[in-house]
Amino acid sequence: MPKKIIMLIGLLTLSLSVLLVTPASAQENVEIDNEYIRIVVNAGELNGGRFSVGTTGGDPGRTTDDNKALIYGGDDPWTSYTTVKVDNQNWIYGNPTDRRAGYDGLYGELVQPPTLVDGKIESSWMLGPIQVWQVLSITRSSTTGLMDTAQIEYHVENTDTETHWVGLRLMLDTMLGANDGAPFRVEDRALTTDTVYYAQNMPEFWQAFDSLSSPQVMAQGTLKKPGVAPPDRTYFTNWGSVADAPWNFDFVPGRDFTRVGEWELDSAIAMFWDPVALEPGESRSYVTYYGLGGVTIAAGDLVVGVTSPAQVPADEEGFQTFSIIAYVQNDGEGDALDVVAELKLPRELELVGSPAKVSLGDLAVGDTKHTGWQVRAQSNAEGTFSYEVVVTSVNSETNRVSRTLEVLSPARLQVMVSAPPALGVKNERFDPPTFDVTVFLRNEGGTPYYGGTFELLHPMLELLPGQSAKRFPGTIEAGEDLSFKWVLKPQDGYFGGGPLGYSLRITSARGEQTVRTMSIIIPLLKSKVWVGEPEVAGGGVVAEGQYFKLPIWATNIPDFLGVELDLSFDPERLEIVGKTLDISMGTLFVGPDGKASASWKMPFVANDTGQVLGLKGERTSKLGNAFGTLMTIHFRAKKAGLARVSIDGVNILIPEAVLDPSYFEVEHRDILIQPR
Numbered sequence: 002m003p004k005k006i007i008m009l010i011g012l013l014t015l016s017l018s019v020l021l022v023t024p025a026s027a028q029e030n031v032e033i034d035n036e037y038i039r040i041v042v043n044a045g046e047l048n049g050g051r052f053s054v055g056t057t058g059g060d061p062g063r064t065t066d067d068n069k070a071l072i073y074g075g076d077d078p079w080t081s082y083t084t085v086k087v088d089n090q091n092w093i094y095g096n097p098t099d100r101r102a103g104y105d106g107l108y109g110e111l112v113q114p115p116t117l118v119d120g121k122i123e124s125s126w127m128l129g130p131i132q133v134w135q136v137l138s139i140t141r142s143s144t145t146g147l148m149d150t151a152q153i154e155y156h157v158e159n160t161d162t163e164t165h166w167v168g169l170r171l172m173l174d175t176m177l178g179a180n181d182g183a184p185f186r187v188e189d190r191a192l193t194t195d196t197v198y199y200a201q202n203m204p205e206f207w208q209a210f211d212s213l214s215s216p217q218v219m220a221q222g223t224l225k226k227p228g229v230a231p232p233d234r235t236y237f238t239n240w241g242s243v244a245d246a247p248w249n250f251d252f253v254p255g256r257d258f259t260r261v262g263e264w265e266l267d268s269a270i271a272m273f274w275d276p277v278a279l280e281p282g283e284s285r286s287y288v289t290y291y292g293l294g295g296v297t298i299a300a301g302d303l304v305v306g307v308t309s310p311a312q313v314p315a316d317e318e319g320f321q322t323f324s325i326i327a328y329v330q331n332d333g334e335g336d337a338l339d340v341v342a343e344l345k346l347p348r349e350l351e352l353v354g355s356p357a358k359v360s361l362g363d364l365a366v367g368d369t370k371h372t373g374w375q376v377r378a379q380s381n382a383e384g385t386f387s388y389e390v391v392v393t394s395v396n397s398e399t400n401r402v403s404r405t406l407e408v409l410s411p412a413r414l415q416v417m418v419s420a421p422p423a424l425g426v427k428n429e430r431f432d433p434p435t436f437d438v439t440v441f442l443r444n445e446g447g448t449p450y451y452g453g454t455f456e457l458l459h460p461m462l463e464l465l466p467g468q469s470a471k472r473f474p475g476t477i478e479a480g481e482d483l484s485f486k487w488v489l490k491p492q493d494g495y496f497g498g499g500p501l502g503y504s505l506r507i508t509s510a511r512g513e514q515t516v517r518t519m520s521i522i523i524p525l526l527k528s529k530v531w532v533g534e535p536e537v538a539g540g541g542v543v544a545e546g547q548y549f550k551l552p553i554w555a556t557n558i559p560d561f562l563g564v565e566l567d568l569s570f571d572p573e574r575l576e577i578v579g580k581t582l583d584i585s586m587g588t589l590f591v592g593p594d595g596k597a598s599a600s601w602k603m604p605f606v607a608n609d610t611g612q613v614l615g616l617k618g619e620r621t622s623k624l625g626n627a628f629g630t631l632m633t634i635h636f637r638a639k640k641a642g643l644a645r646v647s648i649d650g651v652n653i654l655i656p657e658a659v660l661d662p663s664y665f666e667v668e669h670r671d672i673l674i675q676p677r
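Heads up: the sequence shown is residues 2 to 677, going by this note's numbering.
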């Protein structure tokens, strides 16, 4: 029977439909990959947002791990899912499912479908009052030093006006190629039964492989990194238990990883970040890592493998430790007796809290045992150092393996923000109409900067469509430069008149926040009724005998409903030949479909006295900010010289009132008519 095809007990009809239907999402994936791994995100109407991880070329030194699964699902991810607990409700991230995993949870509203953004796959759903972003990217493994690990990030923000208790559970349906039952190797234990670790004893990482002497795939999940908040609880269990329950699940210490309700081994891991209060507008991030693991192996009757971080940050205070894990497998023809593993360190590295020699007891043929040590770098250590693990037995040849690691300076992020100091005004509009805020990041430390959220807070400014106020740069390597930008404009209806503040809020993966405040000077846009520039067919200047158009404008007027207008012109030099036929309705009284959206009273035209009297236009609904023409007049230039067109009287109609004339300016125009 295909793996995990059965739905909840009693849903037989639905189970059969799953067997018969080809997943629609198979052609709707969004993915990123490199020479080592690929991440696939489901973008279908069902199970959208769920992801899988697998290898492409895998470990460059091993051909057996090419194109293998690390998280079950391949091109149809659905078995792994994430729960966001909001107060007492369990929301599942992504689109609804018709399958077993997460079937009983609540589902929210899509905000951003899975999208490629700067080499990452970002998506967002609104889960009740909480907006959640998922950001998946490829980063460097802590043990291999290669870009062969998935960085899995979630960012939550309380969009409500009330405080909510918010937590997150991430369940990964782990797999090693075709092997679903390999033990989890955590510190000095090989886990094959339900086991939990809490924050106070959370391991730095766990690994899984089927055989030390001939491993097919070596997987690794990293739970602790400098600058990243680890889970409060991590469970190693079977997939069926956590698939069926969106938060608390059936956990039985000592039970093996046989899938609940079936008979196959099926391992999974569930990481919990327990609920904490999230204030209105507050945000929080959760980050973890899963990909390939690096183990240095020495063959022999006693196969010895050793792993540790490829890079560790220098710790001036001497409180930060890292793990060195040794694996020993008996590959000989008889039992190995009284096996001892000894760690030998250079003087720059110091053992913490345990002896260098560890007894592993007797080791039967084919069995594997492992042990671990906690080590820290001396405060002045920096550089590349080698250590050695020596394994002895009373009846087997001694074997040894050495491995190097780098001690580097901690991550140090430099942030620079570039933006214009002010906008200008041109043709009664802000010039330029938009402006860029560009953030430049550089990691000047020796180790990577992990996670982090950069959010632009912009009251009275608005982002152009298609942008998010939050940016998630992911891992920034040592010495790496990175930049991103936002494009903003003043909010509609804002007329300026001084500095306008905005700020950049930086939230680290551990939740620490810093805020950088900036401002831009926005000039005042005056409310005006004015005579525009003359427009001659084909361009050029106004000359005797020519016809030209003259627009009458109303700009930057709030709550505009209509106008009553009189104007005058020089009758010696100008005439309106067709009288009212040469006056057309302005754009402020025309709807988007080009049809009139107002009542319109045509003015009286007197060419002999140079008057346009009694224009009245009234819209069916107000405009939040009027910017357009009241009317356009078609004149003929009669005689060379300077001809004035004046606005003699104007009432701006607003809901239930006439706008006080002191709130807007009136501007006339002198038109130069050239001789023929």
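Ideal Cβ positions, reconstructed from N, Cα and C, are used throughout, including at glycine.
Cβ pair residue i, residue j closer than 8 Å
i	j	result
Thr-80	Asp-174	yes
Arg-146	Gln-375	The displayed chain sequence assigns Gly, not Arg, to residue 146. No, these two residues do not count as a Cβ contact at 8 Å.
Ser-432	Leu-442	A small fix is needed here, since residue 432 is Asp in this sequence, not Ser. Not in contact: Asp-432 and Leu-442 (Cβ atoms no closer than 8 Å).
Thr-83	Leu-169	yes
Ala-183	Leu-192	no
Leu-293	Met-219	yes
Ile-40	Glu-32	yes
Pro-411	Ala-479	no
Phe-636	Val-530	no
Pro-552	Thr-630	yes
Ile-521	Leu-501	yes
Gly-306	Leu-213	yes
Met-461	Pro-491	yes
Ile-655	Val-532	no
Close-in-space but distant-in-sequence residues of the same chain around residue i (CB under 7 Å, 5 per side omitted)
i	result
Gly-642	Arg-574 and Ile-674
Pro-97	Leu-47 and Tyr-108
Ser-360	Val-341
Gly-129	Val-87, Gln-90, Trp-92 and Gly-109
Burial state of residue i (16 or more Cβ within 10 Å)
i	result
Thr-454	buried
Val-395	exposed
Arg-404	buried
Leu-489	buried
Ala-70	buried
Thr-515	exposed
Phe-320	exposed
Val-22	Because the pLDDT of Val-22 is 32, which lies under 50, any placement of that residue in the model is unreliable, and the question is left without a value.
Arg-101	buried
Trp-554	buried
Lys-370	buried
Pro-236	This sequence places Tyr at residue 236; Pro is not what is there. Buried.
Ile-7	Summary for Ile-7: the model assigns pLDDT 38, below 50, so the residue's position carries little reliability, and this model does not support an answer.
Gln-415	exposed
Glu-657	exposed
His-669	exposed
Ser-18	Note that Ser-18 has pLDDT 29, beneath the 50 cutoff, so the model's placement of it is unreliable and the number below is only indicative. Exposed.
Phe-605	exposed
Asn-652	exposed
Cβ-based neighbour list, residue i, same chain, cut-off 8 Å, excluding 5 preceding and 5 following
i	result
Lys-86	Trp-92, Trp-166, Val-167, Gly-168, Leu-169, Arg-170, Trp-248 and Pro-276
Asp-609	Pro-572
Glu-280	Asn-159 and Thr-164
Beta-ladder partner(s) of residue i, from DSSP
i	result
Gly-168	Lys-86
Trp-134	Ser-125 and His-156
Leu-505	Leu-457 and Arg-517
Arg-401	Val-391
Pro-314	Leu-409
Trp-274	Leu-169
Val-1	Since the first residue shown for the chain is 2 and the last is 677, residue 1 is missing from the structure and cannot be characterised.
Leu-575	Ala-638
Gly-650	Asp-567
Residues near residue i by beta carbon distance below 6 Å, same chain, minus five either side
i	result
Pro-474	Leu-483
Val-392	Leu-303, Val-305, Val-329, Ala-342 and Asn-400
The ligand MG heavy atom lying under 7 Å from the CB of residue i
i	result
Asp-493	Although the ligand MG was asked about, the structure shown includes no ligands whatsoever.
**Request:** Please determine if the stretch 381-391 and the stretch 200-215 are in contact, where contact requires at least 3 C-beta pairs separated by less than 8 Å.
**Result:** no
**Prompt:** Three or more C-beta pairs closer than 8 Å, one from the stretch 325-337 and one from the stretch 253-260: is that the case here?
**Reply:** no
**Message:** Would the stretch 212-227 count as touching the stretch 285-304 if we require 3 or more Cβ pairs under 8 Å?
**Reply:** yes
**Prompt:** Per the contact definition of three or more C-beta pairs closer than 8 Å, is the stretch 464-478 in contact with the stretch 521-529?
**Reply:** no
**Message:** Can you confirm whether the stretch 118-126 touches the stretch 297-305 when touching is taken to mean that 3 or more C-beta pairs between the two stretches lie within less than 8 Å?
**Reply:** no
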